[in-house]
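Written out below as structure tokens is the structure these notes cover.
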Amino acid sequence: MTYTIGLITNPRLEEMAKDLLDEALELHDARGAKQRLFSEALYAAGSWGHARRVVYKAEAMEQGTNRRFVVTTREDEPKALYEFYARRGEGENWIKDFKLHMKADRLSCHRFIANQFRLLLHAAAYWLMDALRRKLIESGVRRMQLDTLRLRLVKIGGRVRELATKVRMHLASGHPGQRLWHALLLAFGGVHE
Numbered sequence: 004m005t006y007t008i009g010l011i012t013n014p015r016l017e018e019m020a021k022d023l024l025d026e027a028l029e030l031h032d033a034r035g036a037k038q039r040l041f042s043e044a045l046y047a048a049g050s051w052g053h054a055r056r057v058v059y060k061a062e063a064m065e066q067g068t069n070r071r072f073v074v075t076t077r078e079d080e081p082k083a084l085y086e087f088y089a090r091r092g093e094g095e096n097w098i099k100d101f102k103l104h105m106k107a108d109r110l111s112c113h114r115f116i117a118n119q120f121r122l123l124l125h126a127a128a129y130w131l132m133d134a135l136r137r138k139l140i141e142s143g144v145r146r147m148q149l150d151t152l153r154l155r156l157v158k159i160g161g162r163v164r165e166l167a168t169k170v171r172m173h174l175a176s177g178h179p180g181q182r183l184w185h186a187l188l189l190a191f192g193g194v195h196e
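Right, dumping it as structure tokens:
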């Protein structure tokens, strides 16, 4: 049986990764860019019968530092193994976006076909919001969760006027999603007047 499980950081693990974190900080200071370094060591928690392989990441960036630890039986190189572990979370995030942020678990109709149709509508809404999010990322906006995107782009007060040659949106001047709307407009090749 193989496994790869994330560990909660503790003082012993932090001490184990101290030299790697120092190296990442030095590289960050020298190059001015985010640095991610990977390594491995044997570690035994108090309740474990024997030491196990722990792969860890030390990261230095503008926002600060970050250390992550993974215990595993796999034999991959530390970087490849950590990236394998990190990809596992991507699928979980898709499910969370769909169920929690797009409210796809609201299937309370009495008939199956009605719930199936509601699920189809949620899937279409998810696809649209994810397409908007991807377009924003392409234009340089930081990745955000779908609920944040929904609150800043969709769930807002405003007025839409359809004119003969264009559609004009009127939003409050203090609206927090203005920057996102402008980025989408530019990403889709629109003209801002």
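The sequence shown begins at 4 in the numbering used here and counts up by one. For each residue, glycine too, the CB sits at the ideal point set by N, CA and C.
If you look at Y85, you'll find it in the alpha helix (DSSP H) that goes P81 to K99. Only residues of its own chain outside the window of five on either side were considered, and among them none has a CB closer than 8 Å to the CB of A83. Residue range T7 to L10 is occupied by the beta strand (DSSP E) that includes I8.
The beta carbon of S142 is closer than 7 Å to those of A186, L189 and A190 in its chain, skipping five residues each way along the sequence.
Between R70 and L24, the C-beta spacing is below 9 Å.
Beyond the five residues adjoining it in sequence on each side, K138 comes within less than 8 Å, by CB distance, of L187, A190 and F191 in the same chain, given in chain order.
Secondary structure remark: continuous beta strand (DSSP E) runs of at least 3 residues inside the stretch 140-184, in chain order: 161-165 and 170-174. With a 10 Å radius around the Cβ and a threshold of 16 neighbouring Cβ atoms, R164 comes out exposed. One alpha carbon belongs to D100, the other to Q148, and they sit about 7 Å apart. In summary, Y6 is exposed, with fewer than 16 beta-carbon neighbours lying within 10 Å of its beta-carbon over all protein chains present. Under the criterion of beta carbons closer than 8 Å, R56 and E65 do not qualify as touching, at roughly 31 Å.
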